[in-house]
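**Q** Protein chains in written order, with my numbering: chain F, 14 to 121; chain Z, 238 to 350.
By construction, the Cβ of each residue, glycine as well, lies at the ideal position given by its N, Cα and C atoms.
Sharing a structure below in C-alpha cells format, with a few things to ask.
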C-alpha cells in the first residue's frame, strides 16, 4: 500500500463547478498535512495546510479525518486558472511524502 | 528569508554518463533536505532525504546516490545514467520535525539520450 494515495483523475469540470479531491494516508503517526498545487512543468507550491478542525481559504476548503486517515480538498466556483495537478502531502517525523497528484482541467 | 537554489535547470546527458545535481538552501540552519523525481505525467517520488550533514536516507533502490557535504548543500549523483533516469528532479527543504511545509527548488529537467 502506498503511503499516500490519491485518485489520479483527470477531473474535467466546467467553470463554476464544485470539485472535491480525496486522499488517504497509511501512517497513523503522521503529524502535518498539506495540499500543494503543481502547474505543468513547474515545481509544486503550497496551496494550503490542513488542520484537524478543517480550514477554508476563499474558494478552497480542506478537511482532515484522523480516524479514517483521510484528507480532502474542495474547490468551489472553479476557475480556468484552477487547472493544475493537486498534490496531497503528509509529513511525520523527518519525512514528507507526496501523493501522485490529481489532475484538474477546468473548461470554459 | 529562505531561498533554495537548484541547478542546472535542464540537462541532456548520454546513457552511461555521470550525473551531479546540486541544491543549496539559504537563510535557514539544519534544514531537512529532500530529492524527489517526477517522471513525465507521474507523481513525485521521494528518492532521498537528509536530516543532517552526512545523514542520508534512501527511499528507493536505484543507481542514484545523494550526499550532504555541508549543512545547506545536497547533491544528487549517478556514476552511470540509464534511460529510465530521465525525469524532473526536485530538491526541497523543510524545517522542524515534520511540522512545516516543504519548499521546492525550480527543478532540473533531465533527459537521458
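Relative to the C-alpha of residue 122 of chain F, which residue among F/57, F/40, F/41, F/16 is closest?
**A** Residue 122 of chain F falls outside the range modelled here, since chain F spans only 14 to 121, and no answer is possible.
**Q** Should residue 22 of chain F be flagged as near chain C, meaning a C-beta pair shorter than 8 Å?
**A** The structure shown contains no chain C; its protein chains are F and Z.
**Q** Give the secondary structure of residue 322 of chain Z by DSSP, where H, G and I count as helix, E and B as strand, and everything else as coil.
**A** Residue numbering aside, residue 322 of chain Z sits at position 85 when the second chain is read from its first letter. Here residue 322 of chain Z sits in helix by DSSP.
**Q** Using a Cβ-Cβ cut-off of less than 9 Å, list which residues of the region 26-51 of chain F approach chain Z; keep chain order.
**A** 43, 44, 45, 47, 49, 51
**Q** Would DSSP call residue 70 of chain F helix, strand or coil?
**A** Locating residue 70 of chain F in the first chain gives position 57, counting from the first residue. Three-state result, residue 70 of chain F: strand.
**Q** Looking at residue 313 of chain Z and residue 272 of chain Z, is the spacing between their C-beta atoms short of 8 Å?
**A** Counting from one through the second chain, the residue named residue 272 of chain Z turns up at place 35. Counting from one through the second chain, the residue named residue 313 of chain Z turns up at place 76. In contact: residue 272 of chain Z and residue 313 of chain Z (Cβ atoms closer than 8 Å).
**Q** Does the region 25-40 of chain F come within contact of the region 91-105 of chain F, defined as at least 3 CB pairs closer than 8 Å?
**A** Yes, since at least three Cβ pairs between the region 25-40 of chain F and the region 91-105 of chain F fall closer than 8 Å, the two stretches touch.
**Q** Of the choices F/112, F/37, F/69, whose alpha-carbon is the least far from that of residue 82 of chain F?
**A** For the purposes of this step, residue 82 of chain F is taken as residue 69 along the first chain, with counting starting at 1. Ranking F/112, F/37, F/69 by Cα distance to residue 82 of chain F puts F/37 first.
**Q** CB of residue 40 of chain F to nearest heavy atom of the ligand SAM: below 7 Å?
**A** Here there are no bound small molecules, and the ligand SAM is not part of this structure.
**Q** Rounded to whole angstroms, what's the CA-CA distance from residue 46 of chain F to residue 317 of chain Z? Just pull it up for me.
**A** Taking the first residue of the first chain as position 1, residue 46 of chain F is located at position 33. Taking the first residue of the second chain as position 1, residue 317 of chain Z is located at position 80. Looking at the two C-alpha atoms, the distance is approximately 36 Å.
**Q** Tell me whether the beta-carbon of residue 286 of chain Z lies closer than 8 Å to the beta-carbon of residue 111 of chain F.
**A** Walking along the second chain from the start, residue 286 of chain Z turns up at place 49. Walking along the first chain from the start, residue 111 of chain F turns up at place 98. No, these two residues do not count as a Cβ contact at 8 Å.
**Q** Between the C-alpha atoms of residue 65 of chain F and residue 74 of chain F, what's the straight-line distance to the nearest angstrom?
**A** Stepping through the first chain from its first residue, residue 65 of chain F is reached at position 52. Stepping through the first chain from its first residue, residue 74 of chain F is reached at position 61. Near 12 Å, if we compare the C-alpha coordinates of residue 74 of chain F and residue 65 of chain F.
**Q** Classify residue 72 of chain F as buried or exposed, calling it buried when 16 or more other Cβ atoms lie within 10 Å of its own Cβ.
**A** For the purposes of this step, residue 72 of chain F is taken as residue 59 along the first chain, with counting starting at 1. Result: exposed.
**Q** So, for residue 23 of chain F: in the same chain, excluding its five sequence neighbours on each side, which residues have a beta-carbon less than 6 Å away from its beta-carbon?
**A** Stepping through the first chain from its first residue, residue 23 of chain F is reached at position 10. So the qualifying residues of the chain are 116, 118.
**Q** Cβ of residue 261 of chain Z within 8 Å of Cβ of residue 292 of chain Z?
**A** The residue given as residue 261 of chain Z occupies position 24 in the second chain. The residue given as residue 292 of chain Z occupies position 55 in the second chain. Against a cut-off of 8 Å, the Cβ pair of residue 292 of chain Z and residue 261 of chain Z comes out as no contact.
**Q** Terminal residues of the continuous beta strand (DSSP E) containing residue 256 of chain Z?
**A** Here residue 256 of chain Z is taken as the residue at index 19 of the second chain, counted from 1. Residues 256-263.
**Q** Could you list which residues in chain Z have their beta carbon closer than 9 Å to that of residue 113 of chain F, in chain order?
**A** One-based indexing of the first chain puts residue 113 of chain F at position 100. Those within 9 Å of residue 113 of chain F in chain Z are 279, 280, 281, 282.
**Q** Opposite residue 18 of chain F in the DSSP bridges: which residues?
**A** Position 5 of the first chain holds residue 18 of chain F. For residue 18 of chain F, which the question treats as bridged, DSSP gives the partners F/37.
**Q** Terminal residues of the continuous beta strand (DSSP E) containing residue 310 of chain Z?
**A** Residue mapping note: residue 310 of chain Z aligns to position 73 of the second chain, counting from 1. Per DSSP, residue 310 of chain Z belongs to the beta strand (DSSP E) from 310-315.
**Q** Does residue 305 of chain Z pass the burial test, meaning 16 or more other C-beta atoms within 10 Å, or should it be called exposed?
**A** Stepping through the second chain from its first residue, residue 305 of chain Z is reached at position 68. The residue is buried, with at least 16 neighbouring Cβ atoms inside 10 Å.
**Q** Measuring straight from C-alpha to C-alpha, what distance separates residue 345 of chain Z and residue 277 of chain Z?
**A** Position 108 of the second chain, counted from the first residue, corresponds to residue 345 of chain Z. Position 40 of the second chain, counted from the first residue, corresponds to residue 277 of chain Z. Going by the C-alpha atoms only, they are around 13 Å apart.
**Q** Smallest Cα separation from residue 284 of chain Z: which of Z/297, Z/331, Z/290?
**A** If you number the second chain from 1, residue 284 of chain Z lands on position 47. Closest option to residue 284 of chain Z, Cα to Cα, is Z/297.
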